[in-house]
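Encoded as structure tokens, the structure appears first; notes follow it.
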Ligand code: SF4
Ligand code: SF4
């Protein structure tokens, strides 16, 4: 997560290194809306308008553009547009075109399940630098079960091909939960037919505002299921789920890692994004990344982008302090999903190890050793 091989012949690496050294912003995620055309049962952000009302309001196009001008002056080059479903933001095309004309390099994160011809025309005129599309299954039935839209998959595939036709690079994610886990081979084949690789996402956290707003914690894979799925190729997913029942029993011996008695030198637990990135949520609040929603009480629409950035950076060392339990943990080298933001999502504090992560890592090590100690073939990556 934190280590990177820098290639100084690449201008993008040089820009990033300079931003890290100077603690300056380089990339920003704009979470434009909590609205979405899908109703995914494990979603951490989607809400109805009535549910969202106590938390604020969507920012207007004019407000986002003013913020974008401030970000550009501060040095931001990369923008990621997300939601909810960012294309459901009112006047999305107008905002997107203006941001392109301002010179930002834009990534669009989308479910690709509901584009109007106007949206497609806008993407044709301004192809995104990259598009990140999440898949929720490999059949219409599964899309209905996960997203509530039985026609979802057809629309998504059509829009993936659309992006390919305009030369926009597409990256796929497959978000796996109990309701779509057995579609793993189908999703693999679909991606193969499209000529695209994908990232498997099994690390699901609860709804950021209110756990009752989604079924995330009920529908995610258990730590044992995640570990077994991670160690098998897609075709063996049914076997993996079966094996998880046995592996689950090993949790009887699991104990949460604890901090050592002697005090340790504080260690930074950071990632590149924490140095040079930020996220502004749909209601205008700001954090280091999408997963840090609620950690800082900073609103750049009130105090300006530079002041908000300075405030978040002033809290950085404290926020990204590695827990002593993790510093002393023998499982740390295999603990893939342990960053401050992930801990914050799982426990409400960036300084507390998340039991779900620890149990997963514990079982993954046991299962992998049983498989012959080979590298995990399908280990989920940090997202
Ligand atoms: S597509 Fe994404 S934003 Fe929409 S409901 Fe599903 S997970 Fe949430
Ligand atoms: S989060 Fe990872 S490194 Fe930290 S205590 Fe748990 S298993 Fe160990």
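Residue numbers (this note's numbering): 48 to 430.
Built from N, CA and C at the ideal position, the CB exists for glycine as well.
Since we're looking at a predicted model, the values are computed, not measured.
Backbone secondary structure at residue i - three-state DSSP
i, result
"residue 221", "strand"
"residue 321", "helix"
"residue 421", "At residue 421, the pLDDT of 49 sits below 50, so the modelled position is not reliable; the number obtained from the coordinates is stated separately. Here residue 421 sits in coil by DSSP."
"residue 124", "coil"
"residue 67", "helix"
"residue 326", "strand"
"residue 338", "helix"
"residue 105", "coil"
"residue 163", "coil"
"residue 252", "coil"
"residue 454", "Given that the chain is displayed from residue 48 to residue 430, the structure contains no residue 454 and the question cannot be resolved."
"residue 427", "Confidence at residue 427 is low in this model, with a pLDDT of 38, below 50, so its placement is unreliable and no value can be given for it."
Same chain only: Cβ atoms within 7 Å of residue i, ignoring 5 sequence neighbours per side
i, result
"residue 64", "53"
"residue 307", "371, 375"
"residue 502", "The requested residue 502 is not part of the displayed model; the chain covers only 48 to 430."
Enclosing alpha helix (DSSP H) for residue i [first to last residue]
i, result
"residue 114", "108-121"
"residue 235", "231-241"
"residue 288", "284-295"
"residue 305", "No alpha helix (DSSP H) contains residue 305, which DSSP labels as neither H nor E."
"residue 347", "347-350"
"residue 363", "363-366"
"residue 193", "187-194"
Residues near residue i by beta carbon distance below 8 Å, same chain, minus five either side
i, result
"residue 154", "125, 126, 127, 128, 175, 176, 177, 178, 179"
"residue 187", "197, 198, 199, 200, 201"
"residue 66", "72, 73, 122, 322, 323"
For residue i, the first and last residue of its enclosing beta strand (DSSP E)
i, result
"residue 75", "74-78"
"residue 179", "177-182"
"residue 245", "245-248"
"residue 155", "152-157"
Residues near residue i by beta carbon distance below 6 Å, same chain, minus five either side
i, result
"residue 82", "131, 135"
"residue 369", "314, 316"
"residue 203", "159, 160"
When a residue counts only if its C-beta is closer than 5 Å to some heavy atom of ligand 2, which residues count, in chain order?
304, 372, 373, 376, 378, 379, 382, 385, 400, 404, 405, 408
Okay, do the stretch 190-200 and the stretch 129-149 touch, 3+ Cβ pairs below 8 Å being the bar?
no
Does the stretch 407-418 come within contact of the stretch 342-357, defined as at least 3 CB pairs closer than 8 Å?
no
Specify whether the stretch 229-247 and the stretch 280-295 touch according to this definition: at least 3 beta carbon pairs, one from each stretch, less than 8 Å apart.
yes
For the stretch 379-388 against the stretch 232-247, do three or more pairs of beta-carbon atoms, one drawn from each stretch, fall closer than 8 Å, so that the two count as touching?
no
May I ask you to verify whether the stretch 398-409 touches the stretch 295-307, counting CB pairs closer than 8 Å and requiring at least 3?
yes
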